[in-house]
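Protein chains: 2
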Amino acid sequence: MAKIAIMGCGVVGGGTADLLTENRERIKESCGEYLDLKYVLDVRDLPDSPYRDLIVHDVAAIENDPEVTVVAETIGGVRHAYDYTVRLLKAGKSVVSSNKQLVSEHGAELLALAREHGCRYLFEASTGGGIPVIGPLSHDLSQNEILEISGILNGTTNYILTRMKGGGVGFETALSEAQEKGYAERDPSADVEGTDACRKIAILAATAFGKLIAPSRIHTEGITAIRQSDVAAAASVGAAVKLLGRAIRRGGECFVLVSPFFVFADCPLSHVDGVYNAVSVTGNYVGDVMFYGRGAGAKATASAVVADLVEAATGKGATPVWETADESFPTAFGSFVCPRYLSFSGVDRNAVRVVFGDVEFIRGAEGEIAFLTPAQSELECADAIARLSHGGGQLLSMIRVYESGERPEA
Amino acid sequence: MAKIAIMGCGVVGGGTADLLTENRERIKESCGEYLDLKYVLDVRDLPDSPYRDLIVHDVAAIENDPEVTVVAETIGGVRHAYDYTVRLLKAGKSVVSSNKQLVSEHGAELLALAREHGCRYLFEASTGGGIPVIGPLSHDLSQNEILEISGILNGTTNYILTRMKGGGVGFETALSEAQEKGYAERDPSADVEGTDACRKIAILAATAFGKLIAPSRIHTEGITAIRQSDVAAAASVGAAVKLLGRAIRRGGECFVLVSPFFVFADCPLSHVDGVYNAVSVTGNYVGDVMFYGRGAGAKATASAVVADLVEAATGKGATPVWETADESFPTAFGSFVCPRYLSFSGVDRNAVRVVFGDVEFIRGAEGEIAFLTPAQSELECADAIARLSHGGGQLLSMIRVYESGERPEA
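Following this line, the structure appears as structure tokens:
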């Protein structure tokens, strides 16, 4: 009988403990033995918790107990979670994590420790809540060269953008609604500024390409600058504005970024609404596949943590090798090529054509001139914007346009 | 070094052999050892094949070679595939299959043999080509009680229905187009009559519920009776007609069926177009998740076969238990409750209201009266149809309406 410990008895950790209890027999069926919860590490005593008798305050109790072979880390943040995870892996205990910050910042080192000490480090729950993504990438799609991962990785921002489109409201109103419904935190910055999506795309890119890029090195834009008129302009050409995390390999180049995109209706990502998330993966054999679902929620995330606990307790799977990316990876963002939506005031169509060439003018806000550019690099686009600004134009919006490879033919 | 054999060197088998060669180093990385192809079983000599030196005609060569531990079965059909699979499993060799007919008819027995002889029987490639579905259901979602699986499981019929909607053409024309493009076979009956989708939902239902229902016992309707006017009527209310395989558990009842459905635009399945497939899974913790991609293709399917070969060569996962369903499972189809689209000639709105109650009249074909019924059981609906026919009405179309649980809120 394997003994389990949980570190951090918050929403996900408590949900994990509940699920271990609730699914006791189902777990025995999956892995041939019971997984018994022996310790719950928390700074609090939690006298009202059903797990109060299992509470310990010092990780050493877990570290030094040879009966405990698998530990769930649901603390969040880096400080304690990093220290404890290192100690447990060095003690040969497998660790299962729902902590996207820790995995995105220290995953390479923690996987190396797991390999060195013959244990596992698993983190399906760190990305996409209960949606299976890391597992399918690591197993079912393992025979594919991954060419691209593009995903709606944050439910809060997707709810806000969906409301801005469907409800015709501005960013601030949509954000307030999201806060009222409990979809956004009181301090929403990690969501609306793209930090959360950035950590997740760092993890997905490392899973696909084997190189972990420090989140601080990933070009990240949030949605705070998106205006209702931009969302309406997108809708006028059959597109939705979506905040995408993208990891793209094209020939020798590799780009990783988080940014809002126009996504056209023929792409399934454009129909992913509300708090739902979706991850689209392009493999060289399988073509495009997409995984869709709620990307958060205590029960969904706990179900992914417990599935990983079962895997760690029984599986003999190989632990992947992640290198820490150096300056040469990814490719400098200035070379990233895509079409863009731009909206200016203070210029006429002629001036736009002189600078941007063959653009498609679309319906923008009153007093503005809005258009879609041909595909060009970030540097080319910045140069063109500077020239138009020099001629008296004022840039009001710039949103990239998503071009995916395959399209359903019909 | 594990030795591999492939049985059946057709499109998928040949693709599997190619991929084993092409991904030789990647496979070593995934499973720590090379997987060397030692035999290719085929009735032909294949003198022009790169694998001609590996060809054997008698399964005994594989069965009696202790070096071979894992075998891919890509023969298709039941006759030889069943016999060979039984012999190999009894010899303690793991078998990986892309054969949906064999798995849907004999999966329970073959899994039991694998358990008994300490080997594996894996079949990710039998359902959804390269789209990961069986793996995520068995691992990542293993902690969920599965409440429903509903999927677009056949690319040929989805292409035809997409063309009938987008191109405004009838069934026969759309079928001819699909045949010209190579999306439909010259004899399309297994696709258009629902047989292919029926086998796949049998496999998915067994994976979710642990009971294998003989495909002949699954209520199966194809799309040959769908008229362009039905597709247009669906579009007029914001729905698409989709052929769905469904396995549903509601309280003590369980329904498994294949049938066309009206699917409304707020459900992601409605946006799955062309030859693409998608499987929506509802779990009690994870809520709705969906897996999307091309459901066929030699390379995609081969990539799933090779991923399973790697899993069989290295994994220690538990082999699931499938019972063979008896008469009590699933619930008698007459109790299946859903709203329906009906189109009649020879009756007026009043007569419809008298028999069906509070219906929603919608735009149907010239000279017909089309409407959506409230939710009622198959038996109730058949009774109402009989009463309306008795009053002079002629039923021209009946298509069920898909009601899923969750909807993205916004």
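For the protein sequence lines, the chains are A and B, in the order given. Just so you know, we're using the numbering used here here: the first sequence kicks off at 34 and counts up by one. Just so you know, we're using the numbering used here here: the second sequence kicks off at 34 and counts up by one. Idealized CB from N, CA, C, for every residue including glycine.
Can you give the beta carbon distance from Leu453 of chain A to Val339 of chain A, rounded, assuming they're within the 8 Å contact cut?
-> A question about residue 453 of chain A goes unanswered here, because the residues of chain A that appear run from 34 up to 443.
Considering Ile193 of chain B, what are the terminal residues of the alpha helix (DSSP H) in which it resides?
-> Position 160 of the second sequence holds residue 193 of chain B. Run containing Ile193 of chain B: 188 to 199, per the alpha helix (DSSP H) assignment.
Listing by chain order, which chain B residues have their CB less than 7 Å from the CB of Glu58 of chain A?
-> As a position in the first sequence, residue 58 of chain A is number 25, starting the count at 1. Within chain B, no residue comes near Glu58 of chain A; the closest Cβ sits about 12 Å away, beyond 7 Å.
Among residues of its own chain, excluding the 5 on either side of Arg440 of chain A, which ones have a beta-carbon nearer than 6 Å to its beta-carbon?
-> Numbered from its first residue, the first sequence carries residue 440 of chain A at position 407. Below a pLDDT of 50, predicted positions are generally treated as unreliable, and Arg440 of chain A, at 48, falls in that range; no measurement from the model is reported.
Enclosing beta strand (DSSP E) for Ala124 of chain A [first to last residue] = Along the first sequence, one-based indexing puts residue 124 of chain A at 91. No beta strand (DSSP E) holds Ala124 of chain A; DSSP gives it neither H nor E.
Other residues of its chain near Glu124 of chain A: CB distance less than 7 Å, five sequence neighbours each side excluded | Taking the first residue of the first sequence as position 1, residue 124 of chain A is located at position 91. Going by the sequence as given, residue 124 of chain A is Ala instead of Glu. Within the same chain, and ignoring the five residues on either side of Ala124 of chain A in sequence, the residues whose Cβ sits closer than 7 Å to its Cβ are Glu96.
Taking only beta-carbon atoms, is Met34 of chain B less than 8 Å away from chain A?
-> To locate residue 34 of chain B, count along the second sequence from 1; it is residue 1. No - not a single Cβ of chain A is within 8 Å of the one on Met34 of chain B.
Hey, could you find the ends of the beta strand (DSSP E) Lys214 of chain A is sitting in?
-> Here residue 214 of chain A is taken as the residue at index 181 of the first sequence, counted from 1. That residue, Lys214 of chain A, is in no beta strand (DSSP E); it is neither H nor E in DSSP.
Leaving out the 5 sequence neighbours to the left and right, which residues in its chain are closer than 7 Å to Asp227 of chain B when beta-carbon positions are compared?
-> Looking up residue 227 of chain B in the second sequence gives position 194. Sequence check: residue 227 of chain B is Gly here, not Asp. The answer, listed in chain order, is Thr253, Glu254, Gly255, Leu276, Val291.
Output, in sequence order along the chain, the residues in the region 324 to 351 of chain A whose CB is closer than 8 Å to any CB in chain B.
-> Phe324, Tyr325, Gly326, Arg327, Gly330, Lys332, Ala333, Ala335, Ser336, Ala337, Val339, Ala340, Val343, Glu344, Thr347, Gly348, Lys349, Gly350, Ala351
Using a Cβ-Cβ cut-off of less than 7 Å, list which residues of the region 155 to 185 of chain B approach chain A; keep chain order.
-> Glu157, Gly163, Ile164, Pro165, Gly168, Pro169, His172, Asp173, Leu174, Ser175, Gln176, Asn177
Does the Cβ-Cβ distance between Val29 of chain B and Leu421 of chain B come in under 8 Å?
-> Nothing about residue 29 of chain B can be read from this structure; chain B reaches only from 34 to 443.
DSSP three-state call for His252 of chain A: helix, strand or coil?
-> Translated into positions along the first sequence, residue 252 of chain A becomes position 219. It is a strand residue.
Measure from the C-beta of Thr364 of chain B to each C-beta in chain A and report whether the shortest distance is under 8 Å.
-> In the second sequence, counting from the first residue as 1, residue 364 of chain B sits at position 331. No, no contact with chain A.
Option in A:Ala265, A:Leu144, A:Pro165, A:Gly163 with minimal Cα separation from Arg196 of chain A = Here the question's residue 196 of chain A lines up with position 163 in the first sequence. Ranking A:Ala265, A:Leu144, A:Pro165, A:Gly163 by CA distance to the CA of Arg196 of chain A puts A:Ala265 first.
Entirely within the region 230 to 282 of chain B and at least 4 residues each: give me those alpha helix (DSSP H) ranges in chain order.
-> 261 to 269
Helix, strand or coil at Ser376 of chain A according to DSSP, with G and I counted as helix = In the first sequence, residue 376 of chain A corresponds to position 343, counting from 1. Looking at Ser376 of chain A - three-state DSSP - the assignment turns out to be strand.
CB contact below 8 Å: Pro301 of chain A versus chain B = In the first sequence, counting from the first residue as 1, residue 301 of chain A sits at position 268. Yes - at least one Cβ of chain B is within 8 Å of the one on Pro301 of chain A.
Along the chain, which unbroken stretches of the beta strand (DSSP E) at least 3 residues long are found entirely within the region 70 to 144 of chain B?
-> 101 to 106, 127 to 130
Any idea if Asn310 of chain A is buried or exposed, counting beta-carbon neighbours within 10 angstroms, 16 or more meaning buried?
-> The residue you call residue 310 of chain A lines up with position 277 of the first sequence. Classification for Asn310 of chain A: buried.
List the residues of chain A whose Cβ lies closer than 9 Å to the Cβ of Asp263 of chain B, in chain order.
-> Along the second sequence, one-based indexing puts residue 263 of chain B at 230. Under the 9 Å cutoff, chain A gives no residues; its nearest Cβ is about 18 Å from Asp263 of chain B.
Can you tell me the Cα-Cα spacing of Arg382 of chain A and Thr257 of chain A, whole angstroms?
-> As a position in the first sequence, residue 382 of chain A is number 349, starting the count at 1. As a position in the first sequence, residue 257 of chain A is number 224, starting the count at 1. Note on geometry: alpha-carbon atoms of Arg382 of chain A and Thr257 of chain A lie some 28 Å from one another.
Would the beta-carbon of Gly109 of chain A fall within 8 Å of that of Gly41 of chain A?
-> Sequence index remark: in the first sequence, residue 109 of chain A carries index 76 (1-based). Sequence index remark: in the first sequence, residue 41 of chain A carries index 8 (1-based). Against a cut-off of 8 Å, the Cβ pair of Gly41 of chain A and Gly109 of chain A comes out as a contact.
How should Pro169 of chain A be labelled, buried or exposed, when 16 other C-beta atoms within 10 angstroms of its C-beta is the threshold for buried?
-> Reading the first sequence from its first residue, position 136 is the one you call residue 169 of chain A. Classification for Pro169 of chain A: buried.
Roughly how many whole angstroms lie between the Cα atoms of Ala329 of chain B and Gly188 of chain B?
-> Walking along the second sequence from the start, residue 329 of chain B turns up at place 296. Walking along the second sequence from the start, residue 188 of chain B turns up at place 155. Computed Cα separation, rounded: 7 Å.
Name the one or two DSSP bridge partners that Gln427 of chain B has.
-> Stepping through the second sequence from its first residue, residue 427 of chain B is reached at position 394. In DSSP, Gln427 of chain B forms a bridge with B:Ser378.
Within chain A, the residues that Tyr318 of chain B reaches when beta carbons sit closer than 8 Å | Counted from its first residue, the second sequence places residue 318 of chain B at position 285. Residues of chain A passing the Cβ test: Leu52, Gly163, Lys332, Ala333, Ala335, Ser336.
From Ser63 of chain B to Met34 of chain B, what distance separates their C-alpha atoms?
-> Indexing the second sequence from 1 puts residue 63 of chain B at position 30. Indexing the second sequence from 1 puts residue 34 of chain B at position 1. Taking the CA atoms as reference points, Ser63 of chain B sits about 13 Å from Met34 of chain B.
Just the chain A side, please: which residues come within less than 8 Å of Gly278 of chain B by C-beta, in chain order?
-> Your numbering for residue 278 of chain B matches position 245 in the second sequence. In chain order: nothing, as chain A lies at least about 18 Å away.
Is there contact between the region 160 to 169 of chain B and the region 314 to 334 of chain B, where contact requires at least three CB pairs shorter than 8 Å?
-> The region 160 to 169 of chain B vs the region 314 to 334 of chain B: in contact.
Relative to the alpha-carbon of Ala141 of chain B, which residue among B:Ala398, B:Glu356, B:Gly379 has its alpha-carbon at the smallest distance?
-> Here residue 141 of chain B refers to the residue found at position 108 of the second sequence. Considering only alpha carbons, the answer is B:Glu356.
Does Gly65 of chain A get closer than 8 Å to chain B when you measure Cβ to Cβ?
-> Stepping through the first sequence from its first residue, residue 65 of chain A is reached at position 32. Yes, Gly65 of chain A lies at the interface with chain B (some Cβ there is under 8 Å from its Cβ).
Beta-carbon of Asp321 of chain A versus every beta-carbon of chain B: anything under 8 Å?
-> The count along the first sequence starts at 1 and reaches residue 321 of chain A at position 288. It does: the Cβ of Asp321 of chain A has a partner Cβ on chain B nearer than 8 Å.
Determine the chain B residues that contact His304 of chain A at a beta-carbon separation under 7 Å, and present them in chain order.
-> Counting from one through the first sequence, the residue named residue 304 of chain A turns up at place 271. Neighbours of His304 of chain A on chain B, chain order: Pro301, His304.
For Ala93 of chain B, which of B:Asp86, B:Tyr72, B:His172 has the nearest alpha-carbon?
-> What you label residue 93 of chain B is simply residue 60 of the second sequence in a count that begins at 1. That would be B:Tyr72, whose Cα lies nearest to the Cα of Ala93 of chain B.
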